[in-house]
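Asks: To start, I am sharing the structure in question, which I have written as structure tokens.
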Amino acid sequence: MKNRKLFKEYMTALAELFGKELTALLNGLYWKILEPFGDEQCEAAFKELIFSSRFFPKPADFLELLRGKKEDQAARAWIKVVDAVRGIGNYESVQFDDPIIHSVFKFWGGWGVTADWKESELKWKQKEFERLYVIMSANKEHPTYLPGLNEINNAASGCDIQAKPVRIGFDDQKKIEATQDPPG
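Numbered per my numbering, the sequence shown spans residues 5 to 188.
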């Protein structure tokens with residue numbers, strides 16, 4: 005959330021509605037939690053909580069509305085994975101905006117494992133991915149990116165060439181289309 009005026013209006017409304025004293029500490033905490041999200045998303049969350057909460061909403065209430073449940077996050081992450089597999093392939097190193105994806109692939113053996121995937125297996129891979137995603141989301145640390153086969157093969161042969169990973173899902177990048185040709 006970027007609009008401080010809108011934030012203050014909604015926080016004041018919540019505080020009055022639930023008879024809660026709005027301290028600077030409380031305001032600062034909620035601001036930090038909402039800051040990464042868009043104004044429209046936050047406004048929708050405020051409205052939902054105003055109409056559906058029986059108690060002053062906790063930070064977790066906002067985060068659940070804004071991020072969705074872990075299972076929902078896992079399903080959205082899977083869509084990014086499939087788009088990347090189809091649009092980029094496994095030769096390029098990749099960096100997802102959601103680092104939990106990196107942990108799932110590290111557990112599976114790396115980004116290169118996608119080379120062996122068959123279209124008919126994707127629904128089973130999805131179930132396994134989503135289950136592992138929820139488990140891995142409890143970890144505090146995740147790899148920053150996933151090396152592709154080019155980088156792995158270069159390192160194995162002693163070649164020090166390392167291309168920047170393809171960034172997926174970041175705000176500064178266009179959505180990867182499954183029909184796009186792999187870069188290079």
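In this text, a Cβ means the ideal position worked out from N, Cα and C, and glycines have one as well.
Tell me which residue opens and which closes the alpha helix (DSSP H) that residue 22 is part of.
Replies: Start at 1 with the first residue of the sequence shown, and residue 22 comes out as number 18. Note, residue 22: alpha helix (DSSP H), 8 to 22.
Asks: Let's see if you can read the secondary structure: which residues bound the beta strand (DSSP E) around residue 100?
Replies: For the purposes of this step, residue 100 is taken as the residue at position 96 of the sequence shown. Per DSSP, residue 100 belongs to the beta strand (DSSP E) from 98 to 100.
Asks: Pull the bridge partners of residue 192 from the DSSP assignment, please.
Replies: Nothing about residue 192 can be reported from this structure: the residues present for the chain run from 5 to 188 only.
Asks: Please classify residue 71: does DSSP put it in a helix, a strand, or coil?
Replies: By 1-based counting over the sequence shown, the position of residue 71 is 67. Here residue 71 sits in helix by DSSP.
Asks: Kindly list the residues whose CB is nearer than 6 Å to the CB of residue 140, restricted to its own chain and excluding five residues on each side of it in sequence; keep chain order.
Replies: Walking along the sequence shown from the start, residue 140 turns up at place 136. Here the set comprises 104, 107, 108.
Asks: Can you tell which of 153, 175, 174 has the C-alpha that lies nearest to the C-alpha of residue 167?
Replies: One-based indexing of the sequence shown puts residue 167 at position 163. Looking at the Cα atoms, 153 is the closest of the given residues.
Asks: Between the C-alpha atoms of residue 183 and residue 48, what's the straight-line distance to the nearest angstrom?
Replies: Working through the sequence shown from its first residue, we reach residue 183 at position 179. Working through the sequence shown from its first residue, we reach residue 48 at position 44. Residue placement at residue 183 is poorly supported in this model, since its pLDDT is 39, which falls under 50; the coordinates still yield a value, given next. For residue 183 and residue 48, the distance between alpha carbons rounds to 33 Å.
Asks: Taking the straight line between their C-alpha atoms, what separation do you get for residue 128 and residue 97?
Replies: Taking the first residue of the sequence shown as 1, we reach residue 128 at position 124. Taking the first residue of the sequence shown as 1, we reach residue 97 at position 93. Those two C-alpha atoms are separated by around 24 Å.
Asks: What's the call for residue 94, buried or exposed, on a 16-neighbour Cβ count within 10 Å?
Replies: Looking up residue 94 in the sequence shown gives position 90. By the neighbour-count rule (16 or more Cβ atoms within 10 Å), residue 94 is buried.
Asks: Between the Cα of residue 170 and the Cα atoms of 73, 92, 22, which residue gives the shortest distance?
Replies: The residue given as residue 170 occupies position 166 in the sequence shown. Among 73, 92, 22, the Cα nearest to that of residue 170 is on 92.
Asks: For residue 58, does the three-state DSSP call read helix, strand or coil?
Replies: Along the sequence shown, one-based indexing puts residue 58 at 54. Here residue 58 sits in coil by DSSP.
Asks: What's the C-alpha gap between residue 99 and residue 130?
Replies: As a working mapping, residue 99 is identified with position 95 in the sequence shown. As a working mapping, residue 130 is identified with position 126 in the sequence shown. Residue 99 and residue 130: Cα-Cα distance of roughly 19 Å.
Asks: Just to confirm before moving on: does the CB-CB distance between residue 112 and residue 89 stay below 8 Å?
Replies: Taking the first residue of the sequence shown as position 1, residue 112 is located at position 108. Taking the first residue of the sequence shown as position 1, residue 89 is located at position 85. Contact: no.
Asks: Residue 151 to residue 126, Cα distance in whole Å?
Replies: Walking along the sequence shown from the start, residue 151 turns up at place 147. Walking along the sequence shown from the start, residue 126 turns up at place 122. Each residue's alpha carbon lies about 21 Å from the other.
Asks: Between 175, 157, 164, 19, which has its C-alpha nearest residue 62's C-alpha?
Replies: Residue numbering aside, residue 62 sits at position 58 when the sequence shown is read from its first letter. Ranking the options by Cα distance to residue 62, first place goes to 19.
Asks: Which runs of the alpha helix (DSSP H) fall wholly inside the segment 108 to 142 and span at least 4 residues, in chain order?
Replies: Fully enclosed alpha helix (DSSP H) runs of 4 or longer: 126 to 140.
Asks: For the beta strand (DSSP E) that residue 172 lies in, which residues bound it at each end?
Replies: Counting from one through the sequence shown, the residue named residue 172 turns up at place 168. Counting along the chain, the beta strand (DSSP E) containing residue 172 begins and ends at 170 to 172.
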